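Number of protein chains: 2
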Amino acid sequence: MINLLARADALDTADPLAGYRDQFLAPDEFDVVSYLDGNSLGRPLIATAALMGTFIREQWGGRLIRGWTDSWMEWPLQLGDRLGSVALGAGPGQVAIADSTTVLLYKLARAALAGSPGRKRVLLDTDNFPTDRYVLEGIAAEQGLELVWITVDPAAGIHPAQVADAIDEHTALVLFSHVAYRSGWLADVAEINRIAHEAGALTMWDLSHSVGSVPIHLDDWGVDLAVGCTYKYLNGGPGAPAFAYLRRGLQEVLRQPIQGWMGHRASFEMGAGYEPAPGSRALLSGTPPILAMVPLHANLDMLAAAGIEAVRAKSLLLTGYTLDLADELLAPFGVEVAGPRAPERRGGHVTLRKPGFQALLEPLWAAGVIPDYRRPDGLRIGPAPLSTSFGEVYRGLSALRDLLEK
Amino acid sequence: MINLLARADALDTADPLAGYRDQFLAPDEFDVVSYLDGNSLGRPLIATAALMGTFIREQWGGRLIRGWTDSWMEWPLQLGDRLGSVALGAGPGQVAIADSTTVLLYKLARAALAGSPGRKRVLLDTDNFPTDRYVLEGIAAEQGLELVWITVDPAAGIHPAQVADAIDEHTALVLFSHVAYRSGWLADVAEINRIAHEAGALTMWDLSHSVGSVPIHLDDWGVDLAVGCTYKYLNGGPGAPAFAYLRRGLQEVLRQPIQGWMGHRASFEMGAGYEPAPGSRALLSGTPPILAMVPLHANLDMLAAAGIEAVRAKSLLLTGYTLDLADELLAPFGVEVAGPRAPERRGGHVTLRKPGFQALLEPLWAAGVIPDYRRPDGLRIGPAPLSTSFGEVYRGLSALRDLLEK
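Chains as they are written, first to last, in this note's numbering: chain A, 15 to 420; chain B, 15 to 420.
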């Protein structure tokens, strides 16, 4: 254990991103010793609190309705483009910030399916995040589609060979998560896209668990559609708006079904008949959630400054160190690693498994250690690279070890 | 004019709600002489700015993921119930805060139509807010429904007799706005509901332009479904989340189509197969927009303290005074009142019309006077009762008069 602690110190000393930790809010009354749930809710930046105060006073309070023409009307696409450039590998005009991940997933899936007449199958995996499965189940029931379920090992994820086996000329759409929410498995997006496109299917990726921690190259990978949330590694705040990507070449072809005034070609003409706006603005429906987008400005600045490749490098060190701690401190108590070990298959979090973990959640919280619990027996350790030190991971897993020992 | 100014002073002196004006944020650099656009974007409360700072520091930053079990999971329904009680005349368990008005309108309309098999017509009016029309056009095109358009005078609104003429046994749903966004016409909800129900149709009301300024009695009026926004008279901030009402008796019958994890019976079981939650939770889809709901806490406190009946009483004085100013100061320059004059038909705003109004918008803003412009030739004067003085209305319309004189 002394060795492991010394290693945390050495890793922290050598960490080129260590300085970013000071940019996060740590309230005076902060009782958190080790926050390991950056994969569920990212911490707020000091700049976010300041920016929100300024926004409420100066923009909402001072500019009032003029804010819409000043800049707010452009925020969904400007922030979308910025996100595309900083984290998604997406050229301009393809990303919009809006709604929730669930609603955007619905909109894009409906658009994709309406654009694939004659094809009645959707390929997805049994261990995708619940909302992804539920949304598609709802659409399938309404439209008489067949959902083709690929069974994956919950401790792993989707393999290209499984997709190749299950896909056929009736497949309209494949939907997977880039990083599996449970195991942290990092899918081979480019290869799965290649297989899907060979069969003539469209591809949709849920990026919620990868965006801001794993480099994404939507354009290069040939992704057709993607969605994701901004409240995990992007630190957007609880229930922050989501984002959608629709590849430029599909924008004139695919139409999302919730025709609202903000997706209209000319929102303020208020005329008869919906005419979709060109480009990614047609992904919008209702009034954009401006107030809730304020944090994104600060967060994208920080991510742009740090660089997603540097974030990934630290993330791999953090998850590697987590695996070592698990092996040395926790395995003796029967804790298993329920996810990939190979760096090229690891997302930003590590899942540990042991029957009875649920009972440890309360004492862990009481000790100021906050991992993420997933039924029935999983603890997810998600050390967000920009806000988490190696020492923090050590303190968290040591506390877990101490509880297991009791 | 001296007489009108003296009347403003007298009305302000006698105003029992005058003290609430001091609870709104007025930044040092505030350049606004007269804000007459409360019907488009309500002003922020001082308490909102404080509450947001506290929330970011203590709840998001301090409690982190624990906030979900502390209270956030209940916010959409708790705030919904509170809104129901303070402003909607809705008993508990029927209102949820979520999404945008457009998305909720889509969800409820789809639910209503799926629950009305065999009926293929939807009744709506040509002058409803664009998003209401566009959403229904999209659904109708997909599902082969017939939209039956009632043509209304844009300076008035929907009459019960028009509904009675147009409705029949094929009508599944009628959709109208409680207060017409353009003219400010206040519809007779109870009577239109009676007519619709007699024909066996469901009723949906868009409350965006009435909530927080006109008393609403959803339960007593027999409304089936309703939606509305919280960024106008409820001061929720730009793009604040919306609300939906689904009458208790319909909750086991009507199902909205966007099946997300937060509408599931047990969100964190993450099991196979969507099972809707009981009650109004099934209206939710994605992760609730918690950060964006923070202002609502402060705003509902204020509205509860002031009381919606007192707000309406002041609103009628404000719009009555606006009409007098229009008649005495503006009519000589060819300005017409393009909306109802009778108090029982007036919503919270007054619409003035004159060709060429668009050109006055910039000089009005330059003079610190901010009304709302609606193409082609309308200025909406929307004095929010809790934040607007009679003197402010006087200053605004006097400035308009001066510009017309030039």
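All C-beta atoms in this analysis are idealised placements derived from N, C-alpha and C, irrespective of residue type, glycine included. Note that the structure is a prediction, hence the values are computed from the model and not measured.
- Separation of I79 (chain B) and D51 (chain A) (C-alpha to C-alpha, rounded to the nearest whole angstrom) is 7 Å.
- Nothing from the segment 203-224 of chain B brings a Cβ to less than 8 Å from some Cβ of chain A.
- Residues of the segment 101-130 of chain B whose Cβ lies closer than 7 Å to any Cβ of chain A, in chain order: D113, S114, T115, T116, V117, Y120.
- DSSP, read as helix, strand or coil, puts P271 (chain B) in coil.
- Ranking A:A256, A:P229, A:A110, A:D233 by CA distance to the CA of C243 (chain A) puts A:A256 first.
- Residues of the segment 22-50 of chain B with a Cβ closer than 7 Å to any Cβ of chain A, in chain order: L39, P41, E43, F44, V46, Y49.
- At least one CB atom of chain B sits nearer than 8 Å to the CB of T145 (chain A).
- According to DSSP, R394 (chain A) shares a beta bridge with A:T365, A:D386.
- Among the CB atoms of chain B, none fall inside 8 Å of the CB of W199 (chain A).
- Contact note: H278 (chain A) reaches chain B through P144, Y148, using a C-beta cutoff of 8 Å and chain order.
- Just measuring C-alpha positions, the residue of A:H192, A:E323, A:A380, A:S294 sitting nearest I111 (chain A) is A:S294.
- In the displayed model, E266 (chain A) falls within coil according to three-state DSSP, outside both helix and strand.
- Chain B has a Cβ within less than 8 Å of the Cβ of S299 (chain A).
- Following the DSSP letters along the chain, one finds R135 (chain B) inside the beta strand (DSSP E) bounded by residues 135-139.
- DSSP places Y335 (chain B) inside the alpha helix (DSSP H), whose first and last residues are 322-339.
- Among the residues facing chain A, D234 (chain B) is not included, as its CB has no counterpart in that chain under 8 Å away.
- Beta-bridge partners assigned by DSSP to E160 (chain A): A:R135.
- Listed along the chain, the chain B residues whose CB falls inside 7 Å of the CB of Q273 (chain A) are Y148, V149, E151, G152.
- Contact of E72 (chain B) with chain A by beta-carbon distance below 7 Å involves P41.
- Under the 8 Å criterion on CB atoms, M87 (chain B) is classed as non-interfacial with respect to chain A.
- S299, G300, T301, P302, P303, I304, L305, A306: these are the residues of the segment 290-320 of chain B whose beta carbon lies less than 7 Å from some beta carbon of chain A, given in chain order.
- Bridge pairing for V188 (chain B): B:L137, B:T217 [DSSP].
- D179 (chain B) carries a helical assignment under DSSP once its states are collapsed to helix, strand and coil.
- Put simply, the CB of G410 (chain B) is far from chain A, with every gap to its CB atoms at 8 Å or more.
- For E283 (chain B), the chain A residues whose Cβ falls inside 7 Å of its Cβ are R389, in order along the chain.
- In the DSSP assignment, V407 (chain B) falls within the unbroken alpha helix (DSSP H) covering 404-419.
- Residues of chain B with a Cβ closer than 9 Å to the Cβ of G362 (chain A) do not exist, since the nearest Cβ in that chain sits about 15 Å away.
- Pairing S130 (chain B) with I206 (chain B), the inter-Cα distance amounts to about 19 Å.
- No Cβ of chain A is located within less than 8 Å of the beta carbon of Y247 (chain B).
- Taking 8 Å as the threshold, the shortest C-beta distance from L55 (chain A) to chain B falls below it.
- Any Cβ of chain B closer than 8 Å to the Cβ of Y335 (chain A) would place that residue at the interface, and such an atom is absent.
- Bounds of any alpha helix (DSSP H) do not take in A254 (chain B), whose DSSP letter is neither H nor E.
- Membership of L59 (chain B) in any alpha helix (DSSP H) is not indicated, and neither H nor E is assigned to it by DSSP.
- Residues of chain A whose Cβ lies closer than 9 Å to the Cβ of I384 (chain B) are, in chain order, L78, I79, R80.
- Against chain B, the CB of T62 (chain A) has a partner CB under 8 Å away; the residue lies at that interface.
- Here DSSP, grouped into helix, strand and coil, assigns V308 (chain B) to helix.
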